[in-house]
Amino acid sequence: MIELPDETLIELEGCDGQWWPLAGPGQWGRGVCLADEDEGTDFDGMYESPVTAIYNSTAFEVGAHFGGTREEKFDFILALHVKGEKGMPWRYIDSAFRNSLSFRRESKLWVATGDSRRRLPVRLGAKVNIKAVNDPNSEQYGKLLVPLVGAYPRWVEDPAVSTFITQTDTTGGGTETGYVTVSNPLPEDYEIWPVWQIQASAAGMVVTLPDYSWGSDLYDRAEEDALRKVVLAPLLAGEHLKINTDKMAWGGQFNSSLDTEFPQRMGGRRLNYSIPGRTKPTQVPVTVTGAPAGTGIRVLCPRPWPRPWGGEA
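Numbering of the sequence shown is given in numbering that gives the first Met the number 0, commencing with residue 0 and proceeding in unit increments.
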């Protein structure tokens, strides 16, 4: 069996809502315990996002030049000791654990250590295999080899949230500027895309959000866009707005609670820039006009770590 520090806890949150402590405090609490690498657990396969550097070369180039990176899915095996006990036969534990896994529905692998708690959404990658020398029902023991796939290869921590609440009524004119804090403590190669949430308020409210380049030359405008701001289209009465700046976001960048074709109202304007890794906490301005006091605007900075622990700036 694997020997982990007391402060490290590995759990499976099943697709059926069941929780299984696999290693650390509480292991064996439900008759299951994570096996070590010699017995089949692929720790390396789950430890860091699988990334390959891409290098290209022309016909007569000496060597090659860097062309980017390719990040693949997590694909690894967990080996698990499953042991029956009085009042809970092996076959019942084995069946209940299998029901917590699915090819179609996500389970979550949780790792907590110190003040860090991260999760990896996983599904079955192939059938669960059993290794048993004798009849597991008579021996009340069997070892399972569980192939798992993490389609999104990141250990996700809860986002850092910062909120600005207006203190002044600007429905009759004028503007109010407040500040929220953004940051990205991930390693250098891992950018994040902030998510903005704007509370429904008075009709005609206009919000101006920061979209700093953070030195990125993606659009050849690193200096010009160093302090870039984007003026949003006026909101309708009762319209909540969510803005996911990730270019790969499902549903697009702008999502209105009223489904009012907000992207068309923006006239092609959008937020373009991510926040690079190792960005210290920084205050950025948010400007509002046409809003009553108490209107809330908040920003969520995701924490999609490449590892189950560590990596902080």
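We put the CB at the ideal spot given by N, CA and C, even for glycine.
Neighbourhood of residue i by C-beta, 8 Å cutoff - its chain only, sequence neighbours within 5 removed
i, result
"Val-179", "Ser-161, Thr-162, Phe-163, Gln-282, Val-283, Val-285, Ile-296, Arg-297 and Val-298"
"Leu-21", "Ile-9, Glu-10, Leu-11, Val-31, Cys-32, Leu-33, Leu-77 and Leu-79"
Best match in the options for proximity to residue i [C-alpha to C-alpha]
i, options, result
"Ala-292", "Gln-198, Glu-222 and Val-230", "Gln-198"
"Gln-166", "Ala-290, Asp-41, Asp-15 and Trp-308", "Ala-290"
"Ala-150", "Arg-268, Arg-264, Asp-74 and Phe-65", "Asp-74"
"Asp-134", "Pro-88, Glu-156, Arg-97 and Arg-116", "Pro-88"
"Gly-62", "Arg-122, Arg-29, Ile-53 and Ser-200", "Ile-53"
"Pro-303", "Arg-268, Pro-158 and Asp-114", "Pro-158"
"Asn-271", "Val-287, Pro-307, Lys-279 and Ser-215", "Ser-215"
"Ile-274", "Leu-240, Asp-188, Arg-220 and His-239", "Asp-188"
"Pro-307", "Ala-125, Asp-114, Gly-173 and Arg-220", "Asp-114"
"Gly-203", "Arg-153, Glu-60 and Leu-231", "Leu-231"
Straight-line gap, residue i to residue j (C-alpha atoms, nearest Å)
i, j, result
"Val-127", "Pro-146", "7 Å"
"Thr-7", "Gly-86", "29 Å"
"Val-205", "Gly-237", "13 Å"
"Gly-190", "Glu-47", "Just to set this straight, residue 190 is Glu in the shown sequence, not Gly. If I take the Cα positions, the gap works out to 16 Å."
"Gly-309", "Cys-14", "27 Å"
"Leu-143", "Glu-36", "13 Å"
"Pro-305", "Trp-249", "21 Å"
"Ile-242", "Thr-259", "14 Å"
"Arg-118", "Trp-109", "4 Å"
"Tyr-257", "Met-247", "What sits at residue 257 in the sequence shown is Leu, not Tyr. If I take the Cα positions, the gap works out to 22 Å."
"Thr-294", "Gly-171", "15 Å"
"Pro-186", "Ala-111", "19 Å"
"Val-148", "Val-229", "38 Å"
"Arg-227", "His-239", "24 Å"
"Ser-137", "Trp-27", "19 Å"
Classification of residue i by the beta-carbon crowding that lies within 10 angstroms, buried from 16 upward
i, result
"Thr-244", "buried"
"Asp-210", "buried"
"Ser-94", "exposed"
"Phe-253", "buried"
"Gln-263", "exposed"
"Val-132", "exposed"
"Asn-183", "buried"
"Asp-224", "buried"
"Ile-129", "exposed"
"Thr-278", "buried"
"Leu-217", "exposed"
"Gly-23", "buried"
"Pro-280", "exposed"
Close-in-space but distant-in-sequence residues of the same chain around residue i (CB under 6 Å, 5 per side omitted)
i, result
"Phe-261", "Phe-253 and Ser-255"
"Gly-177", "Phe-163 and Val-285"
"Val-287", "Thr-165, Glu-175 and Val-206"
Own chain partners of residue i with C-beta closer than 7 Å, once the 5 adjacent residues on each side are dropped
i, result
"Trp-18", "Glu-10 and Glu-12"
"Asn-55", "Ala-63, His-64 and Gly-66"
"Gly-39", "Ile-76, Ala-78 and Leu-144"
CB contact check: residue i to chain C, cutoff 7 Å
i, result
"Trp-249", "Absent from the structure: chain C. Only one protein chain is present."
Uninterrupted alpha helix (DSSP H) stretches inside the region 123-205 (no shorter than 4 residues): Counting only runs of 4 or more, we get 135-138.
What are the start and end residues of each continuous beta strand (DSSP E) run of 3 or more residues lying completely inside the region 7-82, in chain order? Correct list: 7-12, 18-22, 31-33, 50-55, 64-70 and 73-82.
Only counting runs of 3 or more residues, tell me where the beta strand (DSSP E) segments fall wholly within the region 271-298, in order along the chain. Assignment of beta strand (DSSP E) within the region 271-298, counting only whole runs of 3 or more residues, yields 278-288 in chain order.
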